Amino acid sequence: MMQEYWITEYGAVADGVTNCAAAIQAAVDAAAQAGGGRVMVPAGRFLSGSVMLRSHVELHLCSGAVLQSSLRPEDIRPFRHADADDAMDGWNGGFFLGACGGQDITISGSGVIDGQGRRVFFDRNEDNGFGECPKAAAAFRPRMILLEDITDLTIRDVTLRDAAFWTLHMAGCRRVRIRDIRILNDDRGANNDGIDPDCCQDVIISGCLIHTGDDAIVVKATGPMTRRYGPCCNVTITNCVLHSRDSALKIGTETCGDIRNITFGDCLVKDCSRAVGIWVRDGGTVENIQVHHLVGAVRRYADRYSVPGAPGWWGKGEALFVNATRRAGQDNFPGVIRNVSFDHITMKAESCLFFAGESYAPLYNIRAEAVDLTLCRQGTQPGGLFDEQPSARHLYPHEIPALYARCVQGLRVRDCRVRSGGPGDWSGRPALLEDCPGAVVELDAE
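Residues in the sequence shown are numbered consecutively from 29, following the numbering used here.
Laid out in structure tokens, this is it:
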């Protein structure tokens, strides 16, 4: 049995006011110095600044425990910056719980880790009263959890609540198991992603309930982590319930390195902007992607209409979205997407199956089989828009077919069906193909 180290024995006070970081860190360090142990957080509300986890240490939150992040910059540990551009792309807010280099680290228990996002998000009514667009946010927003270069990482059972920025960011980790956790964030919170495996290998995420504003689960290869750890590969996500005003399951847009051997399966998608989104923008190769047995609904949410061009949610109710194009203002090669399969997808949607490359970056070998699509109005916003953010194409008016494909080599659509949800919901053509040589499309329209 693991030795237990109760944080209250090291001076932690459950008053929700005292910064308990030193006490919690002392308990973690004592467990690590003893060769491993279980750091216990009892019932009560414990405020804390940043805490670094150590090898062979389990952080366990008992029932009724709330470990709450401080939002004071002086209490939050900054990121490790190894290269000049490591501060780009949101790498400046610091983190609440973290680890860098180690093995056999666990976060467990039935308690709550609280990021206090409610104190950083505020509604400016930028969508003309619909109450759907991303809220404005304070400048300082730490990640809730950042775990870098960890082998044998386990996170189970805990609730992660109200993140101010990314909730669970794993970078360069190997042999990761995440199961039966709950992520409960503000579903209008900008950048409060649920789970971000970044240049990780051998990851299993299962049985999770995620309710958030930004992407629920997003597999990526950011620039700093690609330089340190190489490709992101062998990631399986299964049996999750996902709500987001962005993508439920996503790959990209950060594709500075390669991403391969990814499986999304047996998930319920609840009122997201997109069920699945796959992007390349930064030169990487995304390949060998399998998506199967998804069911749910996707819809369009209001944008920030009061500020022309301001960012809103990406997606206009597409069930499946695969896209290779350049970012706005760039002339780089965006990357390669190849060998992607979708099967047994049942979705209510407001827009099409969208598979679009460019003449300079075609998609390769995209297969959809047994996709059942019901096109129907579900939200408050009109249709008739294609959304290729972030890119020079951005947002633009377009008819909505059931299937839109552009610059795809090796497109195979078989045993797929589309229907209108009701009178006036959809009357477009079944398929619109542009520069898709040899495409095979078997799509029944009812």
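The C-beta atom is built at its ideal place from N, Cα and C for all residues, glycine as well.
Because the structure is a prediction, the values reported are computed rather than measured.
Query	Result
Which class does A51 belong to by DSSP, given the choice of helix, strand or coil?	helix
Closer than 6 Å by C-beta to V269: which residues in its own chain qualify, once you throw out the five before and the five after it? Chain order, please.	L237, L296
Could you work out which residue in G407, G385, Q31, P225 is closest to Q437 when comparing CA atoms only?	G385
Need the endpoints of the alpha helix (DSSP H) that G251 sits in, please.	251-257
Is it a yes or a no for the stretch 360-373 touching the stretch 189-201, going by three-plus beta-carbon pairs under 8 Å?	no
Along the chain, where does the beta strand (DSSP E) that runs through H197 open and close?	196-199
Would the beta-carbon of R147 fall within 8 Å of that of G122?	no
Does A60 come out as helix, strand or coil in the three-state DSSP assignment?	helix
Compute the Euclidean distance between the alpha carbons of D226 and T402, then round it to the nearest angstrom.	33 Å
For E462, list the residues DSSP reports as bridge partners.	R434
Restricting to runs no shorter than 3 residues, where is the beta strand (DSSP E) found entirely within the stretch 280-321?	287-300, 302-308
Buried or exposed: where does E462 fall if 16 or more other Cβ atoms within 10 Å of its Cβ makes it buried?	exposed
Output the distance between the C-alpha atoms of D294 and A54, rounded to the nearest integer angstrom.	42 Å
From the DSSP secondary-structure annotation, give me the bridge partner or partners of D371.	H320, E397
Given a cut-off of 8 Å, decide if P429 and A459 are closer than it, judged by their beta-carbon atoms.	yes
What does S136 pair with, by DSSP beta-bridge criteria?	H88
So E86 and S136 are in contact, right, with Cβ under 8 Å, and what is the actual spacing, rounded?	6 Å
How should F150 be labelled, buried or exposed, when 16 other C-beta atoms within 10 angstroms of its C-beta is the threshold for buried?	exposed
How long is the line joining the alpha carbons of N360 and P170, rounded to whole angstroms?	31 Å
Locate the beta strand (DSSP E) running through H426, then write down its first and last residues.	Unbroken run through H426: none, as it is neither H nor E.
Can you find the residues in the same chain that come closer than 7 Å, C-beta to C-beta, to G345, ignoring five residues on each side of it along the sequence?	S301, V326, R327, R328, A377, E378, S379
Please identify the residue among V319, A398, W307, N316 whose C-alpha is closest to the C-alpha of T353.	W307
Measuring CA to CA, which of L212, G280, V323 is closest to Q144?	L212
Helix, strand or coil: how does DSSP classify G145 here?	helix
Since V231 contacts I209 with CB under 8 Å, what's their CB separation in whole angstroms?	Between I209 and V231 the Cβ distance is about 14 Å, and since that is not below 8 Å, they are no contact.
How close, in whole Å, do the beta carbons of V350 and I394 come, if the pair is a contact with beta carbons under 8 Å?	6 Å
Locate the beta strand (DSSP E) running through Q96, then write down its first and last residues.	93-97
How big is the Cα-Cα spacing for C444 and E470?	6 Å
For a quick check, are the C-beta atoms of I290 and V263 less than 8 Å apart?	yes
Using the Cβ count rule (16 or more neighbours within 10 Å means buried), how would you classify H422?	exposed
Which same chain residues end up closer than 6 Å to A276 when comparing Cβ atoms and leaving out the 5 residues on each side of it in sequence?	A244, L270, V297, C300, A303
Which value, in whole angstroms, describes the spacing of the CA atoms of S98 and W454?	49 Å
Note the first and the last residue of the continuous beta strand (DSSP E) segment covering T182.	171-184
Going straight from the alpha carbon of C90 to that of I52, what length do you get?	15 Å
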